[in-house]
Each structure stands twice: as structure tokens, then as C-alpha cells.
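Residue numbers (my numbering): 1455 to 1624.
Think of the CB as a built atom: it goes at the ideal place given N, C-alpha and C, for glycine as much as any other residue.
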């Protein structure tokens, strides 16, 4: 398997997904009487994630991942609320995302991350931008978003999607 495909995704769960994938493949390869072998291709052979997976060290991976997420303030040490703004018109999507991020700025208990183009920027002809809200608890992020959306009318053909506790940031 080419581990870099998932390991390099711009998503805070990329390491978790990569560890799970390598572990799952290794488990399936070892099911038969003869056993099996897993070959992992990577440009990052010294990656701690791959080293933990190769050693079947789930506890070590878990400890490393929790420490990294604590340091960066990502779940489970915070709550995320993802707002995706999409439009077939790229400038409208970008402008709406910037406007919404501006309306959210200055909220004391909420970090506003973005706006940024989504890692998968175009889906079904729609250009997508995202704004992330990060807070210790979900309530402040919801309140900030509710206040920002009050009275805000994005341009025509601009759509806003709200994803609390997103599974993926892609």
C-alpha cells in the first residue's frame, strides 16, 4: 500500500486513518495459515505513524496522537464546527467565505481558522471554501455561528453547509 496517500492528507485525522489502514491490511494478510506480508511504500520511512504500525504498537500510536492533538488543540481536546461555502462561481464562494470569517472574527472563546479553500476544492462543479470554528465546548461555536449568520445573506447561488464535529476536513 502507498501509505503517503492518506498520511499526507490535510486533515487532523490523517495519521489515525493511516495507522488504521496499515493495521487493517496487516491483520488481513496474517489471517491465513501461511501468514502474509505487507509492503508499505512511502517517501517518509521514518514516520512515527508508520513505525508504530509496523511494530503493531497501538498504545504507543494512541499516546503520540493524543499528545499531538493536545498540543495543536484538536479533538478530543476541543470541538470543531466546519462551515463549507460553495458556489459554481469561484469568486462568489471565496468572497462569501471571507465575509463569513470576518463576521466570526473577534469571538473571544472561539478560534476562527480560515477561510481556506477546501482540500478537495471542486466537487460537482462547485468551488468550495471552508471556515473552521474551534472551541473548548460546542456551545460557544454554535452561538458565534448563529450570531454571524443572523442578518447575513450570501450572494445568489452561494450555499452554506454546517458540519458540527466533522469526520473529515476534505
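Check, Outcome
"Bounding residues of the beta strand (DSSP E) (the contiguous stretch that carries residue 1575)", "1565 to 1577"
"C-alpha gap between residue 1475 and residue 1573, whole angstroms", "21 angstroms"
"Cutoff 8 angstroms; reference residue 1622; Cβ partners in own chain excluding five residues on either side", "1465, 1467"
"Separation of residue 1536 from residue 1524, as counted between CA atoms", "19 angstroms"
"Three-state secondary structure (DSSP) of residue 1618", "strand"
"6 angstroms Cβ shell around residue 1594 - same chain, five flanking residues per side excluded", "1563, 1564"
"For residue 1583: DSSP bridge partner residues", "1539, 1571"
"Rounded distance between the beta-carbons of residue 1534 and residue 1620, thought under 8 angstroms", "6 angstroms"
"Close Cβ partners of residue 1558 (< 8 angstroms) along its chain, the five nearest in sequence each way excluded", "1564, 1566, 1585, 1587, 1598, 1599, 1602"
"Of the listed residues 1568, 1463, 1497, 1618, nearest to residue 1591 (C-alpha basis)", "1618"
"Three-state secondary structure (DSSP) of residue 1613", "strand"
"Opening and closing residue of the alpha helix (DSSP H) in which residue 1518 lies", "1512 to 1526"
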